[in-house]
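See structure below.
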Amino acid sequence: MSVALDSSGVNIRPATTQDVEAIAILSHQLGYPVSTIAIEQRLYQILSDSNHIIYVATGLDDRAIAWIHAYTYHSLLTDFHAEIGGLVVAPSDRGTGIGRKLLHQVESWAKIRRCQSILVRSNIVRSAAHHFYQKCGYSRVKTSLVFHKVLLHDDL
1 MSVALDSSGV NIRPATTQDV EAIAILSHQL GYPVSTIAIE QRLYQILSDS
51 NHIIYVATGL DDRAIAWIHA YTYHSLLTDF HAEIGGLVVA PSDRGTGIGR
101 KLLHQVESWA KIRRCQSILV RSNIVRSAAH HFYQKCGYSR VKTSLVFHKV
151 LLHDDL
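First residue of the sequence shown? That's 1 in the UniProt record's numbering, and the numbers climb one at a time after it.
The following block contains the structure:
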């Protein structure tokens with residue numbers, strides 16, 4: 001199942017349900033406190049959808065030290081493209097090239113699916129992430145606001 005192994009011992013592979021705990025911990029570090037149970041439920045659904053991919057970077061112990069999630073996206077307004085739903089590298093492993101390797105893996109995945117481009121959204125306060133994406137060849141195309149509404153479901 002291994003996708004790429006480099007001389008530093010970093011392995012890039014598709015995520016599995018055995019990565020749930022590590023993905024949850026890394027998500028907290030990104031600023032998204034998500035329970036392990038929620039990650040497990042979401043991962044189960046995502047892994048069964050061929051329009052999505054999650055890769056993890058692992059160390060020699062095969063424990064995830066970084067992850068990236070991407071999915072293909074159809075829109076009336078844009079060409080067929082992929083969007084990165086999240087990318088996080090453990091703080092102790094940042095600046096080592098792991099994020100770039102994960103991006104390259106997703107770019108290859110998107111090309112195989114004939115995507116025209118890749119979109120990534122980044123919070124305006126994450127200046128280090130903006131610099132990272134620009135160094136990886138991504139261009140800033142707009143600044144926008146995000147609106148959110150919680151939907152309440154009636155028990156019928």
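Cβ coordinates follow ideal geometry from the N, Cα and C atoms, glycine included. For clarity, every value in this text was computed on a predicted model and none was experimentally measured.
Report the rounded CA-to-CA distance for H69 versus G85, giving the unit in angstroms.
5 angstroms
Measuring straight from C-alpha to C-alpha, what distance separates T78 and L119?
Approximately 11 angstroms, taken between the alpha carbons.
Option nearest A82 by Cα separation, candidates W109, R140 and V56
W109
Quick one: grab the DSSP three-state call for I12.
strand
Would the beta-carbon of D19 fall within 7 angstroms of that of I65?
no
Might you give, ordered along the chain, the residues of its own chain that have their beta carbon closer than 7 angstroms to the beta carbon of D154, omitting 5 neighbours on each side?
No residues qualify anywhere along the chain.
Bridge partners - T72, DSSP secondary structure assignment
A82
Mind listing, in chain order, the continuous alpha helix (DSSP H) runs of no fewer than 4 residues lying wholly within the UniProt domain "N-acetyltransferase" (10–156)?
20–30, 36–47, 98–112 and 127–135
In or out: I23 buried (at least 16 other Cβ within 10 Å) or exposed?
buried
Does the beta-carbon distance from I12 to Y71 come in below 7 angstroms?
no
Measure the C-alpha to C-alpha separation of L5 and L152 and round it to an integer number of angstroms.
Note that L5 scores 46 on pLDDT, short of 50, meaning its location in the model is unreliable and no value can be drawn from it.
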